[in-house]
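If you count by the working numbering, then the sequence shown holds residues 17 to 182, one letter each, in order.
We put the beta carbon where it would ideally sit given N, CA and C, even for glycine.
Computed from a predicted structure; not experimentally measured.
Note sheet for the following structure.
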Amino acid sequence: MSVHDEAKARRRLSLNDAIESVTQYFGFEGVKEIEVDNEIFEVRAKVLWSPDQIKAMAELDDWIKTLDHDEVEVRNPITQELVTHPDTGKTVTEKVLVTPHRKNGKIVNPSFESRYLAALWGDEKAKRFEAAGGTYGLVTMIMAQMDDEFAQWRKNRENRGDSKSV
17 MSVHDEAKAR RRLSLNDAIE SVTQYFGFEG VKEIEVDNEI FEVRAKVLWS PDQIKAMAEL
77 DDWIKTLDHD EVEVRNPITQ ELVTHPDTGK TVTEKVLVTP HRKNGKIVNP SFESRYLAAL
137 WGDEKAKRFE AAGGTYGLVT MIMAQMDDEF AQWRKNRENR GDSKSV
């Protein structure tokens with residue numbers, strides 16, 4: 017069989033079939049669907065985000081850096097003593113986002129959580145999800161579960177010395 021004939025014989029997959037095929041093969045769930053009021057809201061593992069989702073999330077990351085932050089003193093997690101810089105002796109501080117999120121002292125609207133959902137699905141679909149009771153917390157917990165499954169898969173592969181990697 018020639019290379020050309022082999023190429024013709026390849027199975028052509030839809031995007032959904034391709035995602036299902038690789039996630040079954042690698043043993044993690046890559047997409048979960050939430051049905052709300054007869055509408056499907058697809059939550060993808062981060063490794064399967066579309067280019068538009070990746071771009072929207074990068075823009076959201078840039079935006080969140082512009083929000084108000086507080087300076088908090090860093091404490092040793094065990095002793096709770098303040099951490100000091102070894103050379104200057106000054107107390108070490110870190111910037112922490114003010115919550116609820118604010119910009120110039122005013123609460124942001126739409127919220128970070130709504131903007132996150134809009135980055136995944138677009139403004140209108142995100143609004144429908146929230147109006148029906150769907151939450152940012154649910155979506156991020158689903159993503160965390162999928163991320164954990166993916167991390168576990170990678171760990172298992174590394175422990176077995178398997179050459180398949182993503």
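query: Under 9 Å between the Cβ atoms of residue 80 and residue 155?; result: no
query: Rounding to the nearest angstrom, what Cα-Cα distance links residue 77 and residue 164 in this structure?; result: 22 Å
query: Is the distance from the Cβ of residue 136 to the Cβ of residue 72 below 9 Å?; result: yes
query: At what residue ranges does the segment 27 to 89 contain a whole run of the beta strand (DSSP E), taking only runs of 3 or more?; result: 47 to 52, 55 to 60, 85 to 89
query: Going by beta carbon distance, what residues of the same chain come within less than 8 Å of residue 90, once the five residues before and after it are set aside?; result: 98, 99, 107, 108, 109, 110
query: Does the distance from the C-beta atom of residue 144 to that of residue 52 stay below 9 Å?; result: yes
query: How would you write the range of the beta strand (DSSP E) that residue 109 sits in, first residue to last?; result: 109 to 113
query: Classify residue 59: buried if its beta carbon has 16 or more other beta carbons within 10 angstroms, exposed otherwise.; result: buried
query: How big is the Cα-Cα spacing for residue 86 and residue 112?; result: 5 Å
query: Pull up the distance between the alpha-carbon of residue 43 and that of residue 146, whole angstroms please.; result: 31 Å
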